[in-house]
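Q: Protein sequences appear in the order of chains Y and Z. For the first sequence, the working numbering gives the first residue as 1, with consecutive numbering after it. For the second sequence, the working numbering gives the first residue as 1001, with consecutive numbering after it. The C-beta atom is built at its ideal place from N, Cα and C for all residues, glycine as well. Structure in structure tokens, see below.
Protein chains: 2
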Amino acid sequence: MSLGAFDEPTAFEARSGPHVAAAFYPTAMRASGTSRLRVARVHFSPGARTAWHQHPFGQILHVLQGRGRVQQRGHPVEDFQAGDTIVTLPGEWHCHGAAPGTFMTHLAIQEADDDCKDVYWGEHVTDEEYHDTHDR
Amino acid sequence: MSLGAFDEPTAFEARSGPHVAAAFYPTAMRASGTSRLRVARVHFSPGARTAWHQHPFGQILHVLQGRGRVQQRGHPVEDFQAGDTIVTLPGEWHCHGAAPGTFMTHLAIQEADDDCKDVYWGEHVTDEEYHDTHDR
Chain Y
1 MSLGAFDEPT AFEARSGPHV AAAFYPTAMR ASGTSRLRVA RVHFSPGART AWHQHPFGQI
61 LHVLQGRGRV QQRGHPVEDF QAGDTIVTLP GEWHCHGAAP GTFMTHLAIQ EADDDCKDVY
121 WGEHVTDEEY HDTHDR
Chain Z
1001 MSLGAFDEPT AFEARSGPHV AAAFYPTAMR ASGTSRLRVA RVHFSPGART AWHQHPFGQI
1061 LHVLQGRGRV QQRGHPVEDF QAGDTIVTLP GEWHCHGAAP GTFMTHLAIQ EADDDCKDVY
1121 WGEHVTDEEY HDTHDR
């Protein structure tokens, strides 16, 4: 068993493009050999979002702080806020991130497949897609 | 995809003994057929705790509110607080709950086995065990 505050991320990823995220991955769970669970706390700066992506077994997001947006590809953008939970199904292409003007933090919870991949990435989300129904 | 606030639990369990918990289970994830992920937001009243239990693939707890205690069976009680993350390994018997005098809320994140069980329960935790190193 291990216990700790993960306010200092043990892994930091700054991806190119609009997605800037600091994430922790509890490596003890990944090292157990039988668990396929992956949990990350992801921090978004205002307006930052993921690229389009999907998860082999789906995903649960739990929003810890701020306001954000999520979009299933081909569907309207939806708003969320701290306390909300978003469930996406296996293989469902989507993106999520912070609303303009606010930082946003969520837990991202998903499972890895037999190739040890818990996410499959696509193209970046354009400003037109992300701000489609909100900012015009 | 689904999005919502889970402040009103969709499932409520009040177990006998010291463990009183209101939990939500995102049923869409359970219904996907391939995901074995289980996520619950569990609320503890002051001093309330789980019975001894273990998870087939381990567990990640993320503490949302309050102060609590966790114990790996046979080891000393450890304190935690909002923002902490606790990782338990597959098959590791443990308990967790709120400290006396404070409510505590955590996300509980684990995976179900081929029997659709994500937790195996044992006996209740006695006051002597839970307060062992703190309150004397």
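So is Cys116(Y) buried or exposed if we call it buried at 16+ other beta carbons inside 10 Å?
A: With fewer than 16 Cβ atoms within 10 Å of its Cβ, Cys116(Y) is classed as exposed.
Q: Would a check of beta-carbon distances place Val1087(Z) closer than 8 Å to chain Y?
A: Yes - at least one Cβ of chain Y is within 8 Å of the one on Val1087(Z).
Q: Helix, strand or coil for Asp79(Y) per DSSP?
A: strand
Q: So, using beta-carbon positions, are Arg69(Y) and Asp79(Y) closer together than 8 Å?
A: yes
Q: Residue ranges of each beta strand (DSSP E) run of no fewer than 3 residues wholly in the segment 1058-1121 of chain Z, ordered along the chain?
A: 1059-1072, 1078-1081, 1084-1088, 1094-1098 and 1104-1111
Q: Terminal residues of the continuous alpha helix (DSSP H) containing Glu1129(Z)?
A: Bounds of the alpha helix (DSSP H) holding Glu1129(Z) are Asp1127 to Tyr1130.
Q: Along the chain, where does the beta strand (DSSP E) containing His1124(Z) start, and where does it finish?
A: Segment: none, His1124(Z) is in no beta strand (DSSP E) and carries neither H nor E.
Q: Spatial neighbours of Ala1031(Z) within its chain, please: CB distance less than 7 Å, with the 5 preceding and 5 following residues excluded, ordered by chain position.
A: Because the pLDDT of Ala1031(Z) is 47, which lies under 50, any placement of that residue in the model is unreliable, and the question is left without a value.
Q: From Phe1044(Z), Ser1035(Z) and His1053(Z), pick the residue whose C-alpha is nearest to that of Ala1098(Z); which is it?
A: Phe1044(Z)
Q: Just to make sure I have the definition right: I need the residues of chain Y whose C-beta is within less than 7 Å of the C-beta of Thr1034(Z). Which are they?
A: Phe57 and Pro90
Q: Considering Cα atoms alone, identify which of Trp1121(Z), Ala1112(Z) and Val1125(Z) is closest to Arg1163(Z).
A: Nothing about residue 1163(Z) can be reported from this structure: the residues present for chain Z run from 1001 to 1136 only.
Q: So which of Gly66(Y), Gly91(Y), Gln71(Y) and His75(Y) has the shortest CA-CA distance to Pro100(Y)?
A: Gly66(Y)
Q: So with Cβ pairs under 8 Å, would you call Glu1129(Z) a contact of chain Y?
A: Output row for Glu1129(Z): interface = no.
Q: Chain Y partners of His1062(Z), CB-CB under 7 Å?
A: Leu107
Q: Should Val119(Y) be flagged as near chain Z, meaning a C-beta pair shorter than 8 Å?
A: no
Q: Can you list the residues of chain Y that Val1039(Z) reaches, using a CB-CB cut of under 7 Å?
A: Ile60 and Ile109
Q: Please report the Cβ distance between His96(Y) and Arg49(Y), rounded to the nearest whole angstrom; I am assuming they are in contact, meaning their Cβ atoms lie under 8 Å.
A: So it is a contact: roughly 6 Å between Cβ atoms.
Q: Given a cut-off of 8 Å on the beta-carbon distance, is the pair His1142(Z) and Pro1090(Z) in contact?
A: Absent from the structure is residue 1142(Z), since the part of chain Z shown begins at 1001 and ends at 1136.
Q: Return the CA-CA distance between Phe1103(Z) and Pro1046(Z), expressed in angstroms with no decimal places.
A: 5 Å
Q: Suppose you measure from the CA of Ala1108(Z) to the CA of His124(Y); what does that come to, to the nearest Å?
A: 32 Å
Q: For His106(Y), is the classification buried or exposed, using 16 other Cβ atoms within 10 angstroms of its Cβ as the cut-off for buried?
A: buried
Q: Please name the residue or residues paired with His43(Y) in a DSSP beta bridge.
A: Thr105(Y)
Q: Hey, Trp1121(Z) and Ala1040(Z) are a contact pair by Cβ (cut 8 Å); roughly how many whole angstroms apart?
A: Actually they do not touch by this definition, with Cβ atoms about 14 Å apart.
Q: Output needed for Asp1114(Z): all residues of its chain with C-beta closer than 7 Å, excluding positions within five of it in sequence on either side, in chain order.
A: none
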